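Just so we're aligned: 85 in full-length UniProt numbering is position 85 of the sequence shown, and the numbers increase by one with no gaps anywhere. Virtual Cβ for every residue (Gly too), placed ideally from N, Cα, C. Treat the numbers as computed from the prediction; the structure is a model and nothing was measured.
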Amino acid sequence: MWAVVLRTHGRLRRLHPLVWQACQGVSTSSQPDRLAGYRKGSIPPRLVPFQVSLKQAHDIFHEWHGDKWLAPTKMLQHPSASVRPVLLPFWLFEAAIRVEYTGVLGFPVEEGKPSSGTVWKETHWRDRGYQEYPWTLGSMQVYASYTYRRDLTEAAKEPGMLSRTRVLKAEEAARGLVAAARSGPTLVDLDAPAMRQAIAWEFALRNIRTNEAAEAERALKRETGAELVRDVQVRIRTLRRRARLVYLPAFMIDYTFGEYFNAHNERRAEKYQAVVSGMGNTLAGERHYDPAKAQVAAGALVGGASLLVSMVAVPWLGMDLGWSLGVEGALALFLACTGAGVGAKLWPQIFRTNHERQRRREEIEDLEKFMTMGLGPLDAADNEQEVIRTNADWRRWEESDKWRWDPEKRQRWAEALWRNQQSRRLQRKRIREQQDLQLKRQRLEAEFEARRRQKWGHASHHAQFAAGDRHGLSAGGRRDFLGYYKMLGLQAESASITEVEIKVAFRKAAHRWHPDKQKVADETARNEAKERFHQLRLAYEVLRDPEKRRQYDNGQVVVL
Numbered sequence: 001m002w003a004v005v006l007r008t009h010g011r012l013r014r015l016h017p018l019v020w021q022a023c024q025g026v027s028t029s030s031q032p033d034r035l036a037g038y039r040k041g042s043i044p045p046r047l048v049p050f051q052v053s054l055k056q057a058h059d060i061f062h063e064w065h066g067d068k069w070l071a072p073t074k075m076l077q078h079p080s081a082s083v084r085p086v087l088l089p090f091w092l093f094e095a096a097i098r099v100e101y102t103g104v105l106g107f108p109v110e111e112g113k114p115s116s117g118t119v120w121k122e123t124h125w126r127d128r129g130y131q132e133y134p135w136t137l138g139s140m141q142v143y144a145s146y147t148y149r150r151d152l153t154e155a156a157k158e159p160g161m162l163s164r165t166r167v168l169k170a171e172e173a174a175r176g177l178v179a180a181a182r183s184g185p186t187l188v189d190l191d192a193p194a195m196r197q198a199i200a201w202e203f204a205l206r207n208i209r210t211n212e213a214a215e216a217e218r219a220l221k222r223e224t225g226a227e228l229v230r231d232v233q234v235r236i237r238t239l240r241r242r243a244r245l246v247y248l249p250a251f252m253i254d255y256t257f258g259e260y261f262n263a264h265n266e267r268r269a270e271k272y273q274a275v276v277s278g279m280g281n282t283l284a285g286e287r288h289y290d291p292a293k294a295q296v297a298a299g300a301l302v303g304g305a306s307l308l309v310s311m312v313a314v315p316w317l318g319m320d321l322g323w324s325l326g327v328e329g330a331l332a333l334f335l336a337c338t339g340a341g342v343g344a345k346l347w348p349q350i351f352r353t354n355h356e357r358q359r360r361r362e363e364i365e366d367l368e369k370f371m372t373m374g375l376g377p378l379d380a381a382d383n384e385q386e387v388i389r390t391n392a393d394w395r396r397w398e399e400s401d402k403w404r405w406d407p408e409k410r411q412r413w414a415e416a417l418w419r420n421q422q423s424r425r426l427q428r429k430r431i432r433e434q435q436d437l438q439l440k441r442q443r444l445e446a447e448f449e450a451r452r453r454q455k456w457g458h459a460s461h462h463a464q465f466a467a468g469d470r471h472g473l474s475a476g477g478r479r480d481f482l483g484y485y486k487m488l489g490l491q492a493e494s495a496s497i498t499e500v501e502i503k504v505a506f507r508k509a510a511h512r513w514h515p516d517k518q519k520v521a522d523e524t525a526r527n528e529a530k531e532r533f534h535q536l537r538l539a540y541e542v543l544r545d546p547e548k549r550r551q552y553d554n555g556q557v558v559v560l
């Protein structure tokens, strides 16, 4: 058996570059970007055979739509409709991680009385320990191509399916076709695994963060007794990571329903896609409602109510008024039928509009979180801030205008995002290295100054600084001649203010004084709020940088 696998391994490399590139494993080496636990060589891709036929996929789609009375019938009988089997590539990851977490805890002002208000308290970082994520979890299975919408391809994943896998033969990989008797009379296409493993890992890591954040929230409530928890943050360190490629069976359904007007005001049939799992238990698609059925339902409801009112009104109010009610009932019936038909036809567009509105709200929330963490150039070194930005980037890539999915554009977009994120990681690394060098230099200067004072005593300017003088220095303190410390709510006379304290103070002040948070009506007040926030950012950028803060403490004007 292993001889066959090794021959397959060699043929894959010669015959199908895309599959070979996708299947190449990562070996253990001394390179800093290699993670421990990888098997040397490569793992041949595997596939899950189809368990349902083409006809069964038709029936599953019709049954899914048919369970709603208002759903249209015979949608796949249109000449433009098609159902075709395809094998979708998925990166399956398994990982071992180390997790730390923290958050802001909410306690009621009066114990046992949640309505009395909430007091928020920050807590220290806690160790959640070693966690394993196996490749059988759905959250660790990432669609490895750009051909189809990602939310639809989720239907291909089903519990227990991986127990049926077999090795993908070299001949099948070379042709890009697999014979599958149950799927229909034709060969099944292999969707090319165009997504690089590093990009797929970003999605798996995002799923891990989401799961760990939920676990951290529950742990904080359990450990501290807090009623509420917000601003949960997790730090994840990957100890081991491994990936394999598996093809999952699915049926891609293309059909049309309704119409739309393009940019040239031309009427076009609206195209839709749905996915039926090759295991036969899951379907992903959009709901539709038949305008004719909606009109009949609305007519029956309004017409029945109108008839009932007329029958009751005639004996009591006379024929004339009863006839008038009948006319008004007919008008109401017409309007109800028309509105129901239009609503049923526009329902997919209404759903898409609401989905896009919700996505933009989430994007604005992410932007607010990002801004409250700091806007200075040194804030790029903050990992928590980068996580928010990365998640927002990939969410926009997945969801923005996904109804007009273009594989080539999505691939270019994904590659550009990934390159930018790698560039930011390198920048953060360089910034952290510069900060470490500055701290080391400051420690050396402090040690040198301590030795000098021990040997020669205080210089005159040091004595003046310690005792205070007429130029505005307080005893043992620092000069705050522009009020930067005061803007952040810090005491300039404090013996030592850490960078963490400055950052926390800026977050609180930014959340309080952000222009969008100010409820002002006139233009003058809005401009004042913007100017106050600008000064706040300026103060933070000066105090955040150790070198600029030292210059400011010595009474020098810092030019940004």
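| query | result |
| --- | --- |
| CA-to-CA distance, Y143 to Q435, given in whole angstroms | 39 Å |
| Of the listed residues A57, A414 and E110, nearest to P249 (C-alpha basis) | A57 |
| When H288, Y255, E433 and A505 are compared against S82, the one with the closest alpha-carbon | Y255 |
| Three-way DSSP call (helix, strand, coil) for Q51 in this model | coil |
| Own chain residues within Cβ distance below 6 Å of K369, not counting five before or after | I388 |
| Top-ranked residue by Cα proximity to A219, from T123, V178 and F203 | T123 |
| Alpha-carbon spacing of R235 relative to V119, whole angstroms | 25 Å |
| Touching by the beta-carbon criterion (3+ pairs, under 8 Å), the stretch 95-106 and the stretch 159-167 | no |
| Euclidean distance between Cα positions of V246 and D189 | 14 Å |
| Proximity winner among P45, Y148, L482 and E356, relative to Q551 (alpha-carbon distances) | L482 |
| Stretch pair the stretch 531-544 + the stretch 501-509: three plus CB contacts closer than 8 Å | yes |
| Range covered by the beta strand (DSSP E) that runs through Q491 | No beta strand (DSSP E) holds Q491; DSSP gives it neither H nor E. |
| Straight-line gap, N391 to R84 (C-alpha atoms, nearest Å) | 33 Å |
| Coarse secondary structure for K121, derived from DSSP in three states | strand |
| Segments assigned alpha helix (DSSP H), at least 4 residues, entirely inside the stretch 158-233 | 170-175 and 197-224 |
| Short Cβ contact (8 Å threshold) for R430 with E386 | no |
| P193 CB to nearest heavy atom of the ligand SAH below 7 Å | No copy of the ligand SAH appears in this structure; indeed no ligand is present at all. |
| When K74, R242, Q421 and D393 are compared against P134, the one with the closest alpha-carbon | R242 |
| Distance between R196 and A204 (C-alpha atoms, nearest Å) | 13 Å |
| Counterpart residues of M252 in DSSP-defined beta bridges | R84 and V275 |
| Among A216, R222 and L239, nearest to V232 - alpha-carbon criterion | A216 |
| Pairwise C-alpha distance: I60 and V52 | 10 Å |
| First and last residue of the uninterrupted alpha helix (DSSP H) at Y148 | No alpha helix (DSSP H) holds Y148; DSSP gives it neither H nor E. |
| Assigned exposure category for E445 - 16 Cβ within 10 Å defines buried | exposed |
| D191 vs P89 beta-carbon contact at 8 Å | yes |
| CA-to-CA distance, E399 to R357, given in whole angstroms | 11 Å |
| D553 - containing alpha helix (DSSP H), residue span | P546 to D553 |
| Residues near D366 in its chain [Cβ-Cβ closer than 6 Å; skip 5 each side] | I388 and A392 |
| Enclosing alpha helix (DSSP H) for D127 [first to last residue] | First-last for D127: R126 to Y133, but that is the beta strand (DSSP E), not the alpha helix (DSSP H). |
| 3 or more residues per run - each beta strand (DSSP E) lying fully within the stretch 378-453 | none |
| Burial state of I364, where buried means 16 or more other Cβ atoms lie within 10 Å | exposed |
| Alpha-carbon to alpha-carbon, L137 and A95 | 11 Å |
| Inter-residue Cα distance where the pair is R549 and E447 | 19 Å |
| Beta-carbon proximity check, Q131 vs I97, cutoff 8 Å | yes |
| A179, buried or exposed, once every other Cβ within 10 Å from all chains shown has been counted against 16 | exposed |
| W403 beta carbon less than 8 Å from that of R206 | no |
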